[in-house]
Ligand code: UDP
Ligand code: MG
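Residue numbers (our numbering): 377 to 718.
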């Protein structure tokens, strides 16, 4: 029987501190799984360099010379985690039966990749890694993330609770994913829409060992906002509802003030006037802003820009006999390939 070809896709952005630990650990994992006959020895690790400004690509490339499992995909510039992940998934699809995506900081427990593969053999096309507890996250990150899931659920978007982008996708699932043409791709929301037989594996999330998080608060908020507005029109309905409500309210107040006027007890009324101006003005601004958000999305979709551009791809590059290279020869090769990409 032909063994399963697994590719592990790892998006990397400025991960020079983390990679020297990540790469050997993942290589070891692949070797163990191959030894167990769970996967084929054609399995690969695909590191996607998302336009890093440090030595990330150099590390990936040179590791690729040493281990036949390590491959690299260099994107032309930084396109963000989600798009880098997609680049990796689509590049890996052709030569793999299933693909696992994991972050470079290995906060997700790599041991459960074995369980992913077992589930794949049981016929699952999608396997979600789900965090048991969020002990290692800060209180702030934990609560904001939980609020996010609750809001999304309230808006009718089905997300897998406490699941980040640590999952297994079969080749079939990735092919179907490719048919979702939208530019504002929010993978965690899209993947459940693919359907097929799916399952969940639980694990404990660990702490980031080196380097800093590439998701500061600003990016996290942008990510959550994108997630909400690219999936649901509920916010726009909500604004409509508020508008309607304040209109009714103003009618009631209007008649009350008119009655007061006819009874001859009018007040100067500056306060109520100025407050309503602010109130209505604010509501209108919210409404316009939200509509603008959706129009912005339509604008982006209409342009159909590519989500990423590949610079160098060592998956399809003839790699010379690794074991025989000196350090200097490795350097020269690296220089040549980098130039070829330009
Ligand atoms: N990442 C990326 N492009 C970016 C930002 C992040 O490819 O623009 C990668 C990063 O290298 C890491 C993963 O996405 O492998 C998740 O980032 P991080 O661990 O910083 O996020 P957190 O776990 O703190 O949410
Ligand atoms: Mg992380």
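Ideal placement from N, C-alpha and C gives every residue a C-beta, glycine not left out.
Where residue i falls, given that 16 or more other Cβ within 10 Å makes a residue buried
{"i": "residue 478", "result": "buried"}
{"i": "residue 396", "result": "exposed"}
{"i": "residue 574", "result": "buried"}
{"i": "residue 460", "result": "buried"}
{"i": "residue 450", "result": "buried"}
{"i": "residue 631", "result": "exposed"}
{"i": "residue 598", "result": "exposed"}
{"i": "residue 718", "result": "Residue placement at residue 718 is flagged as unreliable, the pLDDT there being 47, under the threshold of 50; a coordinate-derived value is accordingly withheld."}
{"i": "residue 708", "result": "exposed"}
{"i": "residue 667", "result": "exposed"}
{"i": "residue 603", "result": "buried"}
{"i": "residue 408", "result": "exposed"}
{"i": "residue 675", "result": "exposed"}
{"i": "residue 671", "result": "exposed"}
{"i": "residue 483", "result": "buried"}
{"i": "residue 432", "result": "buried"}
{"i": "residue 422", "result": "buried"}
{"i": "residue 530", "result": "exposed"}
{"i": "residue 705", "result": "exposed"}
{"i": "residue 645", "result": "exposed"}
Under 7 Å between C-beta atoms of residue i and residue j
{"i": "residue 473", "j": "residue 403", "result": "no"}
{"i": "residue 559", "j": "residue 468", "result": "no"}
{"i": "residue 684", "j": "residue 463", "result": "yes"}
{"i": "residue 429", "j": "residue 383", "result": "no"}
{"i": "residue 577", "j": "residue 491", "result": "yes"}
{"i": "residue 437", "j": "residue 590", "result": "no"}
{"i": "residue 446", "j": "residue 387", "result": "no"}
{"i": "residue 440", "j": "residue 690", "result": "yes"}
{"i": "residue 415", "j": "residue 453", "result": "no"}
{"i": "residue 549", "j": "residue 570", "result": "yes"}
{"i": "residue 663", "j": "residue 615", "result": "yes"}
Alpha carbon of residue i to alpha carbon of residue j, nearest angstrom
{"i": "residue 544", "j": "residue 501", "result": "8 Å"}
{"i": "residue 701", "j": "residue 669", "result": "53 Å"}
{"i": "residue 411", "j": "residue 489", "result": "15 Å"}
{"i": "residue 413", "j": "residue 496", "result": "14 Å"}
{"i": "residue 540", "j": "residue 457", "result": "12 Å"}
{"i": "residue 566", "j": "residue 711", "result": "39 Å"}
{"i": "residue 673", "j": "residue 605", "result": "8 Å"}
{"i": "residue 617", "j": "residue 563", "result": "30 Å"}
{"i": "residue 635", "j": "residue 660", "result": "28 Å"}
{"i": "residue 638", "j": "residue 654", "result": "26 Å"}
{"i": "residue 526", "j": "residue 475", "result": "29 Å"}
{"i": "residue 687", "j": "residue 392", "result": "19 Å"}
{"i": "residue 779", "j": "residue 513", "result": "Because residue 779 is not part of the residues shown, which for the chain are 377 to 718, the question remains open."}
{"i": "residue 434", "j": "residue 592", "result": "26 Å"}
{"i": "residue 547", "j": "residue 613", "result": "38 Å"}
{"i": "residue 542", "j": "residue 665", "result": "34 Å"}
{"i": "residue 682", "j": "residue 621", "result": "42 Å"}
Rounded Cβ spacing between residue i and residue j (contact assumed at less than 8 Å)
{"i": "residue 538", "j": "residue 506", "result": "5 Å"}
{"i": "residue 508", "j": "residue 580", "result": "5 Å"}
{"i": "residue 608", "j": "residue 532", "result": "6 Å"}
{"i": "residue 485", "j": "residue 582", "result": "7 Å"}
{"i": "residue 455", "j": "residue 504", "result": "Contact doesn't hold; Cβ gap of about 24 Å is too wide."}
{"i": "residue 596", "j": "residue 520", "result": "7 Å"}
{"i": "residue 554", "j": "residue 466", "result": "7 Å"}
{"i": "residue 626", "j": "residue 652", "result": "7 Å"}
{"i": "residue 394", "j": "residue 585", "result": "7 Å"}
| Which residues have a Cβ closer than 5 Å to any heavy atom of ligand 2, listed in chain order? | Listed by chain position, these are 479, 481, 483.
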